[in-house]
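Peer 1: Submitted below is the structure of interest, expressed as structure tokens.
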Amino acid sequence: MTATAPPGTRFAVARQVADAVLFEGYVLYPYRASAAKNRLRWQFGVLVPPAWGPAHGEHSLQQTELVMEPRGAATLAVELRFLHAQRRTVEEARPDGSFAPVPELHLPDRVLVPWDEGTEERVEMTVPVAELEAGEVSLPFVRPAREETEPVRGADGREAGRLVRRTERADGVLRLRAEQLDLPYRAFKLTAVVENTSDWTPQGDGADGPGGADREAALPRSLVAAHLLLGLSAGSFLSMTDPPEWARASVAACTNLHTWPVLAGEPGSSDVVLSSPIILEDHPGIAPESIGAMYDATEIDEILALRTAALTDREKREARGTDARAAAVIDLADTMPPEVLERLHGAVRALREITGPGAPAPDRVPELLEEDAVFRPETPWWDPAHADPADPARDRILIDGTSVGAGSRVLLRPGLRRTDAQDLFLQGRTAQVEAVLHDVDGGVHLAVTVEGDPGADIRREQGRFLYFQPDEVAPLEDP
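Count along the sequence shown from 1, then add 34; that gives the number in this note's numbering.
Structure representation (structure tokens):
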């Protein structure tokens, strides 16, 4: 085995997604330590010390299993990545030259507060597949305890205080093995285990009761957001969700604990895998419209950018003092050009093949962009006096030779092919048509209220109807 770094280009694309996984939920909007949702952090892929985890429903290891097809004398490159939480305290300078801990230290551009920062850690190795087949290969690793101080200066240039960062020791091991499978092609089941091996034992009276330290004490000794990048020098990995038929049973027999492997790297490639504590699809990618990391779980860049820019100056000062990454988000939102913000306003993925960089440019800009061709009604569409030729209340269509429109009675017979479970409960019920609607694709929909529904009048007032297609109803004669 050689403990050398894998080629830098192999994981370049996958690492972009891995970065998002690593910092998922790292600091949540409004990016201030005082926010309630930022007081319970580190939720994804946390491998805690073994002496603390079982009693608190958390795990000290994660296991990845998948099927690979190495070729020739292939080697496996592995990169374990995790965050190591370090505790930052704030101390104010005293006239006598000493320092004292304080809950806040006010500076002109920020308000410094105590906070747990996350430093990125990597454990890298490259090992021949033949060596893994011969037996388990283990790589123990240690991240030692340390303490650092950073001076903080005020507007006058004098030392106003300092930040003290304390990092606890973290221990772990990466274990790999490969087992050849009885399949028509040369294939192996690869097992990769990441385990926290810290010998730290909880002591004292913590929030969890006598003799048990709370989660705050365990986190600095944990592997946070732990995930793996795996790469074959020659050969391929099989998809866990869409494997070939000949390997489907072997893939189904793989046991993945607290992590999930997906094909990563360039689209269409199969030589790189990201095993993540967050379930992803094969070949995940960062949205090209995204202009920077927002760190907020399930982020929507446009909304976060707008709301971040709307924070008060006091809130922005605290956010800048909470974390360097939070400060970068504040600066990003404050300096974002309008054209970049507009780019965040939605994207139609289905049109990528047409509108992508490789798509042929049209010979001519559509006529609708010409000044004289743009339709400009004299009355805006939102004006009640707007003369819209499409009137759902008066439109009628033929169903089974019968004209159906607003006021018509119909028998509901939802179609199994496209209906949802709730519509099935209306099978055989009678309803009144409220409007006939046409969508932009030429489809026709009937807005109806169910007869006997005590809330029908309220639905009419609010315009909240049930919708069926013409072949899902049968016309009825009025009673």
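C-beta atoms are modelled at their ideal positions from N, C-alpha and C, and glycine is treated no differently.
1. Rounded to a whole number of angstroms, what is the C-alpha to C-alpha distance between L510 and V444?
2. Taking the Cβ atom as the reference point for each residue, do L74 and L146 lie within a distance shorter than 8 Å?
3. Let's see if you can read the secondary structure: which residues bound the beta strand (DSSP E) around D150?
4. Under 8 Å, Cβ to Cβ, is there at least one residue of chain C near Q456?
5. Please tell me whether V82 and S309 are closer than 8 Å, where the distance is taken between their beta carbons.
6. Measuring alpha carbon to alpha carbon, tell me which residue in R209, V227, W149, D143 is nearest L171.
7. Tell me where the beta strand (DSSP E) around I431 begins and ends.
8. So, helix, strand or coil for D316, using DSSP?
9. Looking at the secondary structure, which residues open and close the alpha helix (DSSP H) in which Q461 lies?
10. Using a Cβ-Cβ cut-off of 8 Å (strictly less than) and excluding sequence neighbours within five positions of Y501, which residues of its own chain qualify?
11. Below 8 Å on the Cβ atoms is my guess for L262 versus A48; work out the distance and round it to an integer in Å.
12. On the three-state DSSP scale, how would you describe Q77?
13. Taking only runs that begin and end inside the segment 45-132, name each unbroken alpha helix (DSSP H) of 4 or more residues, in chain order.
14. Among L215, R493, P148, S273, which one has its Cα closest to the Cα of W294?
15. Mapping the DSSP letters down to three states, classify A259 as helix, strand or coil.
16. Among G269, W234, P318, whose alpha-carbon lies nearest the alpha-carbon of L253?
17. Where E58 and Q77 are concerned, what is the direct C-alpha to C-alpha distance, given to the nearest angstrom?
18. What's the gap between the Cα of A89 and the Cα of S232?
19. Taking G302 as the reference, give the member of T289, D316, L291 with the closest Cα.
20. To the nearest whole angstrom, what separates the beta carbons of R115 and L56, a pair I think is in contact under 8 Å?
21. Which runs of the beta strand (DSSP E) fall wholly inside the segment 460-513 and span at least 3 residues, in chain order?
22. To the nearest whole angstrom, what separates the beta carbons of P142 and V124, a pair I think is in contact under 8 Å?
23. Output needed for F133: all residues of its chain with C-beta closer than 7 Å, excluding positions within five of it in sequence on either side, in chain order.
24. Excluding five sequence neighbours on each side, which residues of the same chain lie with their C-beta closer than 6 Å to the C-beta of G326?
25. Extract the residue ranges of the beta strand (DSSP E) inside the segment 213-239, only unbroken runs of 3 or more that lie entirely within it.
26. Can you round the beta-carbon distance between E113 and R156 to whole angstroms, since I take them to be within the 8 Å contact cut?
27. Would you mind stating whether A164 and A226 have Cβ atoms separated by less than 8 Å?
28. In the DSSP assignment, what are the bridge partners of A134?
29. Could you have a look at A327 and say whether DSSP puts it in helix, strand or coil?
30. Under 7 Å Cβ to Cβ from E495, same chain only, skipping five residues before and after it: list those, please.
31. Residues in the same chain with beta-carbon distance under 6 Å from P218, minus the five sequence neighbours each way, listed in chain order, please.
32. Whole angstroms are fine: how far does the CA of I312 sit from the CA of E229?
33. Which of the three DSSP states is assigned to L446 in this structure?
34. Locate the beta strand (DSSP E) running through R177, then write down its first and last residues.
35. Leaving out five residues before and five after D368 in sequence, what residues of the same chain have Cβ atoms less than 7 Å from its Cβ?
36. Given a cut-off of 8 Å, decide if A179 and R203 are closer than it, judged by their beta-carbon atoms.
Peer 2: A quick look at the data gives this:
1. 5 Å
2. no
3. 149-162
4. Protein chain content of the structure displayed is limited to a single chain, and chain C is not contained in it.
5. no
6. Before going on, a small fix: residue 171 reads as Val here, not Leu. Checking every option, the nearest Cα to that of V171 belongs to R209.
7. 430-433
8. coil
9. That residue, Q461, is in no alpha helix (DSSP H); it is neither H nor E in DSSP.
10. L471, H479, L480, A481, V482
11. Not really, about 10 Å apart at Cβ, beyond 8 Å.
12. coil
13. 46-56
14. S273
15. strand
16. W234
17. 9 Å
18. 16 Å
19. D316
20. 6 Å
21. 464-472, 478-484, 500-502, 507-510
22. Incorrect: roughly 16 Å between the Cβ atoms, too far for contact.
23. E125, E126, A127, G195, R196
24. L366
25. 222-230
26. 6 Å
27. no
28. E126
29. coil
30. none
31. W280
32. 18 Å
33. strand
34. 171-177
35. A343
36. yes
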